[in-house]
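Just below is one structure, and these are the notes that go with it.
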Amino acid sequence: MKHNFLFEEKKWKVKGTYTDEDGKKTKVTGLTIIKHNFFNWIIEAELYIPLKGGKTLDLRNVYKVKKITQQDVETTWTSENKIIGKFFGRFFIAGNIIFSSYFSKNKEYVGYETLEYMGGGKYNGYGKLFYKDKMNSSWKIVME
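This is the structure:
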């Protein structure tokens, strides 16, 4: 299986549902941009969460991913988040699935995300973030 995500420079449109720690679901949109350079791959991911009063919360993460080939099955990444700080993670590739697990520098936050290739250049994504063993947020998205 040849994946587009990670392996190709591309701008992905994101839409889906974000669930907060209280279980409140909100429709969201976003953008994920993959860039390649000599040293690593960069993922710039933004999720836009509508708030009351017409405002929007912009959740932004920038990932640095160790380059791999289509034949490799795993790689490592780091990410910076303005609110939580530094994250360390791994991508695992199995068939049409790209799975990621991660933790924050202080190890208070842990999480996972699964991206499933659906064909036609589309991925379904599911993820959860936990804070001290309690769910902090979850999301279900489509990337095209």
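Just so you know, the numbering used here puts the end of the sequence shown at 148, numbered straight through with nothing missing. Glycine included, C-beta positions come from ideal geometry on N, C-alpha and C.
Identify the continuous beta strand (DSSP E) that holds residue i and give its terminal residues.
i                : result
isoleucine 53    : 44-54
phenylalanine 96 : 89-98
methionine 5     : No beta strand (DSSP E) holds methionine 5; DSSP gives it neither H nor E.
isoleucine 101   : 101-108
lysine 31        : 29-40
leucine 63       : 60-70
valine 77        : Premise fails: valine 77 is in no beta strand (DSSP E) and is neither H nor E.
glutamate 112    : No beta strand (DSSP E) contains glutamate 112, which DSSP labels as neither H nor E.
leucine 133      : 126-135
glycine 20       : 14-24
valine 144       : The question names valine, yet the displayed sequence has lysine at residue 144. Residues 138-147.
Got a sec? Which residues, its chain only, sit under 6 angstroms from residue i by beta carbon, not counting five neighbours each side?
i             : result
tryptophan 16 : Thr36 and Met147
tryptophan 81 : Tyr67, Val69 and Gly93
glutamate 48  : Ile37 and Val66
Assuming residue i and residue j form a contact by the criterion Cβ under 8 angstroms, report the distance between their Cβ atoms to the nearest whole angstrom.
i              : j                : result
glutamate 78   : phenylalanine 95 : 6 angstroms
valine 32      : leucine 55       : That pair is no contact at about 11 angstroms.
asparagine 144 : glycine 20       : It should be pointed out that residue 144 corresponds to lysine in this sequence rather than to asparagine. Right, their Cβ atoms sit about 5 angstroms apart.
tyrosine 127   : glutamate 120    : 6 angstroms
Is residue i near the ligand PLP - that is, is its Cβ less than 7 angstroms away from at least one heavy atom of it?
i           : result
glycine 115 : Absent from the structure shown: the ligand PLP. Ligands present: none.
Leaving out five residues before and five after residue i in sequence, what residues of the same chain have Cβ atoms less than 7 angstroms from its Cβ?
i            : result
histidine 40 : Glu13
leucine 61   : Ile53 and Leu55
Three CB pairs or more closer than 8 angstroms across the segment 74-91 and the segment 21-28: no
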